[in-house]
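These notes are about the structure you will find just below.
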């Protein structure tokens, strides 16, 4: 009887270990895209570009990427700064160098599946020192049918193109 109890206890312990360890395994739930930002030819300093997730009501949800790592200039991106400064977001891991006239940059963006086809958009704001600020330089609907379409910018961004990461 002792041996039988020991076997069941061992099987139970293994099952418990399996259940506990499997609860810590994360399955990839986000959807990832490569995003190319192509700038127009302009004169002046390199542009700061902020990429944000916007909800269906036009409110900021989160910052996805910031091109420009000198936080002295973040307040020049006025609308985003109102959100970011008060939200206590940690943007250190999602910043990169500024981008100049005629240049392009490829970044990676990730979204939760629930954010796709739910009315969310991806907003690109841009600013150049001592020049104009564009609250909505480009905006892409987070829609599975149209997200891969080329979207023209209205300011320093010539166009945006997104493709799924594989």
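Residue numbers (the working numbering): 35 to 200. Just so it is clear, CB atoms sit at the ideal spot from N, CA and C, and this is done for glycine as well. This one's a predicted model, so the numbers in the text were calculated from it and none came from an experiment.
Sorry if obvious, but does the Cβ on residue 136 come closer than 7 angstroms to a heavy atom of the ligand PLP? As for the ligand PLP, it is missing from this structure, which has no ligand bound.
Using the beta-carbon count (16 or more within 10 Å), is residue 157 buried or exposed? buried
Closer than 7 angstroms by C-beta to residue 149: which residues in its own chain qualify, once you throw out the five before and the five after it? Chain order, please. 87 and 176
Whose C-alpha, out of 70, 111 and 67, is nearest the C-alpha of residue 163? 111
Residue range of the unbroken beta strand (DSSP E) whose run includes residue 168: 167 to 175
Would you list the one or two residues that DSSP bridges to residue 186? 193
Can you list, in chain order, the residues of its chain with a C-beta nearer than 6 angstroms to that of residue 186? Leave out the 5 residues immediately preceding and following it. 193
For the putative contact between residue 82 and residue 107, defined by C-beta atoms under 8 angstroms, what is the C-beta separation to the nearest angstrom? With a Cβ gap of about 6 angstroms, residue 82 and residue 107 count as contacting.
Quick one, are the C-beta atoms of residue 133 and residue 80 less than 8 angstroms apart? yes
Where does residue 75 sit, in a helix, a strand or coil, going by DSSP? coil
Classify residue 127: buried if its beta carbon has 16 or more other beta carbons within 10 angstroms, exposed otherwise. exposed
Helix, strand or coil, according to DSSP, for residue 178 in the structure here? coil
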